[in-house]
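Residue numbers (full-length UniProt numbering): 1 to 837.
Virtual Cβ for every residue (Gly too), placed ideally from N, Cα, C.
Only one structure is covered here, and it is reproduced in the block below.
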Ligand SMILES: [Zn+2]
């Protein structure tokens, strides 16, 4: 509760997420600091070594030179490369021994300038001992904790100590506690120098590795630095514990939270002893949406952490594209989102075995847990659901993974559902490119464990076949009716069972229980002299207790069968769920995949060769669709009487879902067309007519018909760059199509058109068919030659005269012929035309 208006300005904007520094950049100072270091180096060396300056070993102090030095230093630091030759070449003229200096600044002491002081001390000490330190042999680590042994400057220094040319004979360090606070590192560095017969000198504390007691010194320094760290840790730990209890800020708040200024009861900001204001964590209105989105994607839409990370990176959520799967998982685990804040859960500790720092969990009693329901972003139920999902995917050590990743969050509709019938392995994506996803058995490819499933199938084909089957055969009114009929019959038979009287059972149990009680009483009241009887009593008690347990089990079972049977299923209501069931298949992939798995159970896949085909195989999917289970799932969330009955029915094993086999294959178009073409052809349709009606070529239809007759699969010509004959023909008749149609409608004969256009008569017919596909289709269906317009050599007035004579019906054909001057056969043809309409 707050007594003041905590204005929104108390909320601090969230700090932008920073990219993790690459390992190459760790310990590298800013350009400004490096320039400062280089300038001081030149200043001191110029003063100490007047001769080398005149010899050109040391450059003059200009901005360009300093820039160069900084660039060179950075390059060496980042690439972890030593430039020994330059340093040696340049100092060759000097008859001086060379040395190296190592300086370190860590956040727990002093300012970055102290690194300059350290270097100056080393330069002076080296000068006093007559040794020259070239710029290339100055190594520094900025702002890196001494506990981190992976630092670059330190590693480069070690490299130089190990260099085969042996360019140096001494390493200078300002103060021995600076090199490393970790005794293990101490021994390593000392040992390195010893093995290479190098000196190691502490510029300020006068430590000398070559002194006889060097190892004792190292032990003592190690001890001292350890004590120093311990006291520092305790001090910091105490302060932080207090801060955690006061709910002031510790560290960076997770996404969804931000820092908020703390105020006292009078509304004044609370300040720390240092004068800076104190902050606490509070919900950040901006990023809380991201948290809600995260949980929605994971729990409701069943997206995987990996997919969420990908999406977050694409959308630059929270202004960053550094999301990874583990970040997402950590966020989902975080109890802060239900308002539970835990501090001091883990600590960092050096693992001497692995030689690195590891995170260790503290005992629970050391945790500081605060619960603030007002700071919850996610409802408890949703957060729990997320945890449950996370826990399911977690691999348990030493156990086979109980649920596969695909069963958790499918990537395709049938991921996690398809199983190899040969070896029992889950089928996986073989190729997962957007358009050409393929599934296969890992073992089948090389035939491991005798697996024979060596082919892969496109997910498109799998989905088409299996979903088609589910839609057309399983999710139908007919199958629901069948299920309801069987279920109701079963319920009827259950209801008609006679009730068993349980009273004798109950009284038997009660009398036995009484006996046991009396035995127990007797055992308790045994006198010391009767100790021998104890064992006999106890045996009796155990015997009778087992009998009671057995009877109780019987009673439970009988009571269950005596329980009233739930109402019958209603055909009508269950049918009304059908659209909903079908809609399930169209949901988002992970959710739909789960529903499909519930409906089908695991689908076993085996393959069988396709006759007449060398490559590829047909897949046969065998499974037992369980309509009852999916109906129960759909009705579960609804308040309907059927849901109770379905729940009741699911408990028993009265029904075993019938197993079905579904072929999974993409049937080629020619195979689909073959039976139809054959039938048409048998009915009398010509090849050309069928081809025209289907927009195919003559030779294509010919090959399909041959396949239908003999089973010989067509070998389609491979696509060539130059068009083949049939393509040329096609082009030819298509280009003449319009011309032919217009000439034909004027009554010209095909022979005449062919002659005039300079093409074959067949091509002319094809051209006409191409323009009139309906006519060809009609003819094909009736098994006749299409009527391709009419050719008449008669003039229009002659036709009219002949027709009028024919319709009058008074004159015979020879008489009409005599009157009109048209041949008798022509008149007969015209009569046929009239009668046929
Ligand atoms: Zn297999």
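- Taking 7 Å as the cut-off, one finds at least one heavy atom of ligand 1 near enough to the beta carbon of residue 453.
- When only Cα atoms are considered, residue 278 and residue 262 end up about 6 Å apart.
- At a Cβ-Cβ threshold of 8 Å, residue 116 and residue 36 count as neighbours.
- If you draw a straight line from the Cα of residue 256 to the Cα of residue 379, it comes to about 14 Å.
- Nearest Cα to residue 410 within the set 305, 325, 351 and 483: 305.
- Taken through DSSP and simplified to helix, strand or coil, residue 500 comes out as coil.
- Secondary structure in the region 545-626: the beta strand (DSSP E) runs of 3 residues or longer, each lying completely within the stretch, are 603-608 and 618-623 in chain order.
- Given a length threshold of 4 residues, each whole run of the alpha helix (DSSP H) inside the UniProt domain "Recombinase" (269-396) is given here in chain order: 288-295, 305-315, 325-333 and 380-393.
- Secondary structure remark: continuous beta strand (DSSP E) runs of at least 3 residues inside the region 193-245, in chain order: 199-202.
- Measuring C-alpha to C-alpha distances from residue 558 to each of 540, 171, 505 and 691 identifies 505 as the nearest.
- Inter-residue distance for residue 827 and residue 731 is about 39 Å (C-alpha atoms, whole angstroms).
- Relative to the non-hydrogen atoms of ligand 1, the Cβ of residue 406 never comes closer than 7 Å to any of them.
- The bridge partners DSSP lists for residue 457 are 439.
- Sequence-distant Cβ neighbours of residue 204 in its own chain, meaning closer than 7 Å and more than five residues away, are 121, 174 and 175.
- Closest option to residue 645, judged by alpha-carbon separation, among 679, 128 and 564: 564.
- With a cut-off of 7 Å, the C-beta of residue 438 is classified as distant from ligand 1, since no heavy atom of the ligand falls inside that distance.
- The C-beta separation of residue 13 from residue 88 comes to about 53 Å, leaving the pair out of contact by the 8 Å criterion.
- A residue is called buried once 16 or more other Cβ atoms fall within 10 Å of its Cβ, and residue 672, having fewer, is exposed.
- Between ligand 1 and residue 445, a heavy atom-to-CB distance of less than 7 Å is absent.
- At least one heavy atom of ligand 1 lies closer than 7 Å to the C-beta of residue 425.
- Look at residue 709 here: in three-state DSSP terms it is helix.
- Pairwise C-beta distances place the region 561-581 out of contact with the region 531-547, as fewer than three of them are shorter than 8 Å.
- DSSP places residue 129 outside both helix and strand once states are collapsed to three, so it counts as coil.
- Residue environment for residue 336: buried (at least 16 other C-beta atoms within 10 angstroms of its C-beta).
- The beta carbon of residue 445 sits closer than 7 Å to those of 454, all from its chain and outside the five residues before and after it, given in chain order.
- DSSP, reduced to helix, strand and coil, places residue 141 within a strand of the structure shown.
- Here residue 294 is not near residue 283, since their CB atoms are 8 Å or more apart.
- The C-alpha of residue 69 is placed about 20 Å away from the C-alpha of residue 124.
- With a beta-carbon spacing of about 4 Å, residue 619 and residue 664 fall inside the 8 Å limit used to define contacts.
- If you draw a straight line from the Cα of residue 315 to the Cα of residue 321, it is about 8 Å long.
- DSSP, reduced to helix, strand and coil, places residue 785 outside both helices and strands of the structure shown, so it counts as coil.
- A distance below 8 Å separates the beta carbons of residue 218 and residue 190.
- In the structure shown, residue 662 adopts extended strand secondary structure according to DSSP, grouped into three states.
- For residue 670, the enclosing alpha helix (DSSP H) begins and ends at 669-683.
- Here the C-alpha atom of residue 270 lies approximately 14 Å from the C-alpha atom of residue 281.
- Three or more pairs of CB atoms, one per stretch, sit closer than 8 Å, so the region 420-430 contacts the region 599-618.
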